[in-house]
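S.K.: Residue numbers (the working numbering): 65 to 431.
Using N, Cα and C, we set each Cβ at its ideal position, and we do this for glycine too.
My questions all concern the structure below.
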């Protein structure tokens, strides 16, 4: 069973890339780094994207002797490849298709280093010399596949997290140990974090790129509506009030402040600003009707109290069905908590700020 990922699928929640110029050293450092990850009990099933080293036959050619005998590197490559992988000698028609016929050594000979040593290669003058006269063959072990990133061999250390834990929190807890490991790395070797944390940062960065444009358009629309820079500032000052409720709701529910929750906060800003615009517009209407400013603030707030509370309650109740879901839950909790607190505070904070900002004095004898 794989937990639902809150963003693009990344496979393993925890991923760290260990890179360096030497493949063997990089693998060794990756194994040491895996021990750092394993020090946290919430980390499970640590593995690597490199397979275990496989046994291979290493051919080291004596280039001076090969040139003296008139044997090129291409001849050596083609001869060895013909034995191991085979070479196409003809084709056979199978109905409407042409099938290649490959000639190569039998399996027992392909696996024998003695077979390769006894291979004869055409030299200059028509002579044939065995391969072992111009090359040294030996068994070695090396990775069957080397992944590279930025042209450097890179081992990805992957791991799962225990139920009830999330990759971001686990990576944050391991931050000190990871930084200590990075500080001891040799020159040109590095450790980079990937997985959920990296993809989440990319997704959030795509939002914040257009955030200044969003603020500019929002401020322009508000300026057209309010026709006053001072009133625009009053409206914008109420938006941060929602963060109090967002933090409290996410803390109580245990939902993460991730990509989806950020979307909820951005939509919440519009809801809070809408209530502020409605309230300020109502105050201005009462003043324009000839009402005293102090009384206008009180009567406008009282007049708009019920509609603002009802619209906020409707939005909050509308989020309840998606609150228990895994994916949309953080956004629902952020909107419900933020809107609940911001609505109440706006009805108290904005009239007080309006009176203070414009220097409205209470009439003599007013309470």
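Starting from residue 196, follow the alpha helix (DSSP H) in both directions and report where the run begins and ends.
M.R.: Taken as a continuous stretch (DSSP letters only), residue 196 belongs to no alpha helix (DSSP H), as it is neither H nor E.
S.K.: With a Cβ-Cβ cutoff of 8 Å, do residue 114 and residue 209 count as a contact?
M.R.: Yes, Cβ-Cβ distance for residue 114 and residue 209 is below 8 Å.
S.K.: Is it a yes or a no for the region 264-283 touching the region 357-376, going by three-plus beta-carbon pairs under 8 Å?
M.R.: Contact between the region 264-283 and the region 357-376 is absent, because fewer than three Cβ pairs lie under 8 Å.
S.K.: My output table needs one value for residue 121: the three-state DSSP class, helix, strand or coil.
M.R.: Residue state, collapsed to three classes: strand.
S.K.: So residue 110 and residue 98 are supposed to be a Cβ contact under 8 Å. How far apart are they, rounded?
M.R.: That belief holds up - the Cβ atoms of residue 110 and residue 98 are roughly 5 Å apart, short of 8 Å.
S.K.: Would you report the Cα separation of residue 256 and residue 122, rounded to the nearest angstrom?
M.R.: Each residue's alpha carbon lies about 33 Å from the other.
S.K.: Should residue 221 go down as buried or exposed, given a rule of 16 or more other Cβ atoms within 10 Å for buried?
M.R.: Residue 221 should be labelled buried.
S.K.: Leaving out the 5 sequence neighbours to the left and right, which residues in its chain are closer than 7 Å to residue 223 when beta-carbon positions are compared?
M.R.: Here the set comprises 76, 78, 101, 107, 108, 109 and 110.
S.K.: Starting from residue 348, trace the alpha helix (DSSP H) in both directions and tell me its first and last residue.
M.R.: Taken as a continuous stretch (DSSP letters only), the alpha helix (DSSP H) holding residue 348 covers 323-352.
S.K.: Rounded to whole angstroms, what is the Cα-Cα separation between residue 384 and residue 249?
M.R.: Spanning the two alpha carbons is a distance of roughly 50 Å.
S.K.: Hey, residue 312 and residue 406: beta-carbon distance below 8 Å or not?
M.R.: No, these two residues do not count as a Cβ contact at 8 Å.
S.K.: State the beta-bridge partners of residue 255 as determined by DSSP.
M.R.: Partner(s): 82.
S.K.: Output the boundary residues of the beta strand (DSSP E) element that contains residue 157.
M.R.: Its beta strand (DSSP E) spans residues 151-158.
S.K.: What are the start and end residues of each continuous alpha helix (DSSP H) run of 4 or more residues lying completely inside the region 350-403, in chain order?
M.R.: For the region 350-403, whole alpha helix (DSSP H) runs of length 4 or above, ordered along the chain, are 357-383.
S.K.: Measure the CB-CB distance between residue 394 and residue 283 and report whether it falls below 8 Å.
M.R.: Not in contact: residue 394 and residue 283 (Cβ atoms no closer than 8 Å).
S.K.: Which residues bound the alpha helix (DSSP H) around residue 167?
M.R.: Residue 167 -> not in any alpha helix (DSSP H); beta strand (DSSP E) instead, spanning 161-167.
S.K.: Use the C-beta contact count for residue 353: other C-beta atoms within 10 angstroms, 16 or more gives buried, fewer gives exposed.
M.R.: Exposed.
S.K.: Buried or exposed: which applies to residue 391, given that a residue is buried once 16 or more other Cβ atoms fall within 10 Å of its Cβ?
M.R.: It is exposed - the Cβ of residue 391 has fewer than 16 other Cβ atoms within 10 Å.
S.K.: First and last residue of the beta strand (DSSP E) that includes residue 310?
M.R.: Segment 305-317 is the alpha helix (DSSP H) holding residue 310; no beta strand (DSSP E) there.
S.K.: Span of the alpha helix (DSSP H) holding residue 141?
M.R.: From DSSP, the alpha helix (DSSP H) with residue 141 extends over 137-148.
S.K.: Taking all protein chains shown into account, decide if residue 155 is buried (16 or more other Cβ within 10 angstroms of its Cβ) or exposed.
M.R.: So residue 155 ends up on the exposed side.
S.K.: Who are the Cβ neighbours of residue 337 in its own chain at under 8 Å, not counting the five residues just before and after it?
M.R.: Correct list, in chain order: 282, 286, 299, 300, 302 and 303.
S.K.: Leaving aside the five residues before and after residue 198 along the sequence, list all residues of the same chain whose C-beta is less than 7 Å from its C-beta, in chain order.
M.R.: So the list reads 125, 126, 129, 130, 133 and 135, once near-sequence residues are dropped.
S.K.: Residue 234 and residue 444 - do their beta-carbons sit closer together than 8 Å?
M.R.: As displayed, the chain neither begins before 65 nor continues past 431, which places residue 444 out of reach and without an answer.
S.K.: Nearest by alpha-carbon distance to residue 401: which of 345, 423, 415 and 328 is it?
M.R.: Residue 401 has its Cα closest to that of 328, out of 345, 423, 415 and 328.
S.K.: Would you mind working out which of 305, 158, 143 and 217 sits nearest residue 90, comparing C-alpha positions?
M.R.: Considering only alpha carbons, the answer is 217.
S.K.: Distance, Cα to Cα, residue 148 vs residue 174?
M.R.: Going from the Cα of residue 148 to the Cα of residue 174 covers about 6 Å.
S.K.: Among residues of its own chain, excluding the 5 on either side of residue 169, which ones have a beta-carbon nearer than 7 Å to its beta-carbon?
M.R.: Here the set comprises 147 and 179.
S.K.: What do you get for residue 240, buried or exposed, if any count of 16 or more other CB atoms within 10 angstroms of its CB means buried?
M.R.: That one is exposed.
S.K.: Compare the C-alpha of residue 205 against each of 120, 365 and 382 and name the closest.
M.R.: Comparing Cα positions, the closest option is 120.
S.K.: Tell whether a beta-carbon distance below 8 Å holds between residue 344 and residue 295.
M.R.: In contact: residue 344 and residue 295 (Cβ atoms closer than 8 Å).
S.K.: Measure the C-alpha to C-alpha separation of residue 276 and residue 225 and round it to an integer number of angstroms.
M.R.: The straight-line gap from Cα to Cα measures roughly 36 Å.
S.K.: Tell whether a beta-carbon distance below 8 Å holds between residue 143 and residue 185.
M.R.: In this structure, residue 185 lies closer than 8 Å to residue 143 by Cβ.
S.K.: Can you tell me whether residue 161 is buried or exposed, with buried defined as 16 or more other CB within 10 angstroms of its CB?
M.R.: Under this definition residue 161 is an exposed residue.
S.K.: Excluding five sequence neighbours on each side, which residues of the same chain lie with their C-beta closer than 6 Å to the C-beta of residue 409?
M.R.: If we look at residue 409 and ignore the five residues flanking it on each side, its Cβ neighbours are 305.
S.K.: Which residues in the same chain as residue 358 place their Cβ atom closer than 8 Å to its Cβ, once the five residues preceding and following it in sequence are excluded?
M.R.: Hits under 8 Å: 419, 424, 425, 426, 427 and 430.
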